[in-house]
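Start counting the sequence shown at 157; every next residue gets the next number (the numbering used here).
Positions of the beta carbon are idealized from the N, C-alpha and C atoms, including for glycine.
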Amino acid sequence: MTWWLPVHPDWQMNAAVFLLAIALDTLLPEPPNALHPVVWMGKIIAVLERLADGRGDTASFLIGAMMAIGVPALFCGAGWLAVIGLREFGDMPYLRDIAYLRDLPYLLGSAILLKTTFAVRGLGQAARDTQRSIEGDDVDEARHSLRSLVSRDAATLSEPLVAAAAIESVAENTTDSYIAPWLAFALLGVPGAFAYRAANTLDSMVGYRGKYEYLGKASARIDDLLNLIPARISAMLLLIAGALSGHNTARGCRTAWQQHRMTDSPNAGWTIAATAGLLGVALEKPDHYRIGSSHREPTAIDIGRTVNLAYIVAALGAAVAVGVMALIAGL
């Protein structure tokens, strides 16, 4: 067998892994931290980050560049070895002669591993927690729940700004949380999804200005590059989801096209602006941007509407990912 491949030679088996992983995300909670690969990614990044303490700009940049390449490579390799091990296990004498058992280790093991690289249900639940707090007139609790969605300081945010932050996070994370890792899996299997998640985790931990100006520069640029196509696919899927659910798609297209450059990120603006236009709300990050400034202020209901759009995007994105697998198999 072609043991070295990062994916099963039968694309339909990989599609089954993918769909099972989505089912696991829907039905099961996240694995404990001790077993979660993304937690391990964070711990390794935190250890490597200390290497830059007290270093100059050039040294920090070089350490950051090594992290930006080394950490995704490490987890890509780990994912590759895991996939090889699962396929070899299925080739053991007591399994390989029974058709329905031979691929079972690969199917179950790969689905469990893939499930750790994305979050659909968790993203929606976190946003709805914020929605419920606002609807219960508990703005302090809404600000607190927002911490699971955004890194910005929410302590002084007004109710519309809390709602806007939740909406922006859901919109942006249609890319980071599932569309991008799904496409990475479609192209390179579990190793590709692991590599993407490691690169994205690096960006979320060190890829911003201030203390990490130089340490995180390479991570931020690599994350921008990896999300270049997925972010635009996510925006298109959001617009299709808006059309399917009766939102103002023309306004969504117009806002996305005209205002996507207002964010610091070259990618996030596409999904945020598309969502602002679809919902007809102004999405503001204080001192950074205000997209859809002519629209009304967002409310708690708009958070729920955004989550519904995100779920439709997930369904459409799953179809796209399976289509990519089939297309690659046919080449």
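Could you round the C-beta distance between V362 and G372 to whole angstroms and report it? I think they count as a contact, below 8 angstroms.
4 angstroms
Consult DSSP for M157 and reduce its assignment to one of helix, strand or coil.
Summary for M157: the model assigns pLDDT 46, below 50, so the residue's position carries little reliability; its value from the coordinates is reported in the next sentence. Correct three-state label for M157: coil.
Please report the distance separating the alpha-carbon of V469 from that of R211.
43 angstroms
Return the bridge partner residues of K441 from the DSSP annotation.
Y445
7 angstroms Cβ shell around L472 - same chain, five flanking residues per side excluded:
L393, I396 and A397
With DSSP run on the structure shown, which of helix, strand or coil describes R211?
coil
What is the DSSP secondary structure of R452, reduced to helix, strand or coil?
strand
Answer yes if the region 411 to 422 comes into contact with the region 458 to 465, meaning at least three C-beta pairs across the two stretches below 8 angstroms, and no otherwise.
no
Name the two residues that bound the continuous alpha helix (DSSP H) containing I100.
The structure shown has nothing for residue 100, since the chain only spans 157 to 487.
Rounded to the nearest angstrom, how far is the Cβ of R407 from that of G436, given a contact under 8 angstroms?
7 angstroms
Chain-order list of residues whose beta-carbon lies under 8 angstroms from that of L264 (same chain, five-residue window excluded):
L176
Between M418 and chain B, is there a C-beta pair that is closer than 7 angstroms?
Of the protein chains in this structure there is only one, and it is not chain B.
Using the rule of at least 16 other Cβ atoms within 10 Å of the residue's Cβ for burial, across every protein chain shown, is T273 buried or exposed?
buried
State whether the region 320 to 328 contacts the region 425 to 434, with contact taken as three or more CB pairs (one from each stretch) at a distance under 8 angstroms.
yes
Residue of N383, L400 and A283 minimising C-alpha distance to I335
N383
Is the beta carbon of L218 within less than 6 angstroms of some heavy atom of the ligand FMN?
Only the bare structure without any ligand can be found here, which leaves the ligand FMN out of the picture.
Does the count of Cβ pairs from the region 186 to 202 and the region 296 to 315 closer than 8 angstroms reach three?
no
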